Amino acid sequence: MNQTTLDIPTQDINTLEATLQQMVAAHEAMLTLLSRKRDALRQNDADALAQVAALEKEKVGRITELEKQRFTLVGRITLILDPKANAPFRLGELADRLPEPERGRLLVLRQQLRERMQQVRDSVSVVRRASETLMNHVQGLVQSVVMMANGQTTYSQAGHQPTQQTAIRTINITA
């Protein structure tokens, strides 16, 4: 530990740790929301999807606020450790310049945050694929209904819709 390290306000380190803990918790909450979103998609529950979307928007806003706070704190601590630094240290670089036990706590929080962020990315990918599959299914149904309403139920050998007089038909689509 050097003299510069001793000059870092304990409050800044404590606030950084608290911010990282809040970021981990916010990402865990996002994982819960994404699970709820998958369930809502699976159950075709539009109301639940709307509720989850609103909660997701709030959570993304909160994560953005926390990220700005983290960036500001890391920047401030970076300038204390290296006044000539061109950019804030990465969290790992910052932790490596701190004494124990702060170093260890920051590295653990950094790893937890990375894991949660990766889990969120993976979960978002699953939800995106499920949403795309559902959209493709709905588009196929709409196309089938339009074709039936126009009297077109088959394609020609060349893969084109048959050119015939449009017949007016009705379809009863009740469950």
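Residue numbers for the sequence shown follow the UniProt record's numbering, so the first one is 1 and each next one is one higher. Just so it is clear, CB atoms sit at the ideal spot from N, CA and C, and this is done for glycine as well. The structure presented is a predicted model; accordingly, all values stated were derived computationally and were not measured.
Alpha carbon of residue i to alpha carbon of residue j, nearest angstrom
i	j	result
Pro88	Leu49	39 Å
Phe71	Asp82	16 Å
Leu98	Leu33	35 Å
Ser131	Arg116	22 Å
Ser123	Thr133	15 Å
residue 213	Ala95	Outside the modelled stretch of the chain, which goes from 1 to 175, sits residue 213, for which no answer is possible.
Arg110	Leu91	7 Å
Ile8	Ile80	7 Å
Leu141	Arg128	20 Å
Val108	Met23	13 Å
Gln21	Glu100	18 Å
Ala85	Thr15	22 Å
Gln139	Val74	48 Å
Asp47	Ala158	43 Å
Gln143	Arg121	32 Å
Val126	Val145	29 Å
His137	Lys57	26 Å
Met135	Thr78	47 Å
Short Cβ contact (8 Å threshold) for residue i with residue j
i	j	result
Ala29	Leu66	no
Thr19	Gln69	yes
Glu17	Leu113	no
Val52	Arg76	no
Glu93	Ile13	no
Gln119	Leu31	yes
With a cut-off of 8 Å, do at least 3 Cβ pairs link the region 57-65 to the region 34-44? Touching, no, given that fewer than three Cβ pairs across the two stretches are closer than 8 Å.
Alpha helix (DSSP H) runs wholly inside the region 13-87, at least 4 long, in chain order: Counting only runs of 4 or more, we get 46-81.
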